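In what follows, a structure is listed as structure tokens, so that the remarks can point back to it.
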Amino acid sequence: MPRTTLLLADGFEEIETMTIVDVLRRADISVALAGLDLEPKKGSHGVFVLPEISVDDIKSENYQMLILPGGQPGTNHLMADLRVLRLIREFHQSNKYLAAICAAPMVLAKAGVLGEKEATCYPGCEKGLGQAKVLDKKVVQSNNIITSRGPATAFCFALLLVEILRDKATADQVGKGLLLPPTYCRE
């Protein structure tokens, strides 16, 4: 079973987080919810989520992908945490997948792994991506880095993660079960 971990900080975006976790688990992909500590994390709209592990427990060799949801001030908390930046670099150096949505691609840029790659993000966050080539697309994959725009693109983002970690047939099957039109993510 593919294993991923999703980082949680106070102020995370709830729609993105829950959509990603739900879609991946429907595809039999393990998602460990990792907090900056083990205290319950309060989302940007007041929903609480209890982390299963701490960021200190994450070892890149145990996971195929590190996922960062957006939201504020959650993204700022992730950017300010040196453990998160180190972990992102470790995953990148090991050629593991890094997936970030909404404002969270800025964390990848701050960690120095985005460079001049193609990426997308929440409107207004473009300058935070540094030298990246910002595209106006729902989801962008540039080698081992996957980025997406925000809450409305979370299903497309999560389904691409399923396709990467499983296969297209599984992603299509999960999307069909969610009643997403087959062309929705290609529009």
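Sequential numbering of the sequence shown, starting at 50, is according to our numbering. Ideal placement from N, C-alpha and C gives every residue a C-beta, glycine not left out. Since the model is a prediction, treat every value here as computed from it, not as a measurement.
For residue i, the three-state DSSP class (helix, strand or coil)
i	result
GLU139	helix
LYS176	helix
VAL162	coil
ALA152	coil
TYR112	coil
PRO52	It is worth fixing the name first, because residue 52 is Arg in this sequence and not Pro. In the structure shown, ARG52 sits in a strand (DSSP, three-state: E or B).
LEU209	helix
ARG235	helix
ASP130	coil
GLU65	helix
ASP221	helix
PRO200	helix
ASP71	helix
Beta-bridge pairing of residue i - partner residues as DSSP gives them
i	result
ALA45	Residue 45 cannot be examined here, being either before or after the span of the chain that is shown, 50 to 236.
THR124	Paired residues: none, contrary to the question.
ILE195	ALA148, GLN190
LEU117	ALA149
LEU57	GLY84
Nearest neighbour of residue i, chosen from the options [CA to CA]
i	options	result
LEU214	MET67, VAL72, ALA58	VAL72
ARG75	LYS187, VAL211, TYR233	VAL211
PRO100	PRO89, SER93, ASN125, THR219	PRO89
CYS151	THR232, PRO118, LEU56	PRO118
ASP68	LYS176, ARG132, LEU55	A small correction: the amino acid at residue 68 is Thr; Asp does not occupy that position in the sequence shown. Ranking the options by Cα distance to THR68, first place goes to LEU55.
ILE102	LEU57, ASN144, THR202, GLY177	LEU57
PRO122	GLU63, SER191, GLU165	GLU63
Where residue i falls, given that 16 or more other Cβ within 10 Å makes a residue buried
i	result
PRO172	exposed
ALA218	exposed
Problem set entry | beta strand (DSSP E) runs contained entirely in the stretch 74-108, provided each spans 3 or more residues | 79-84
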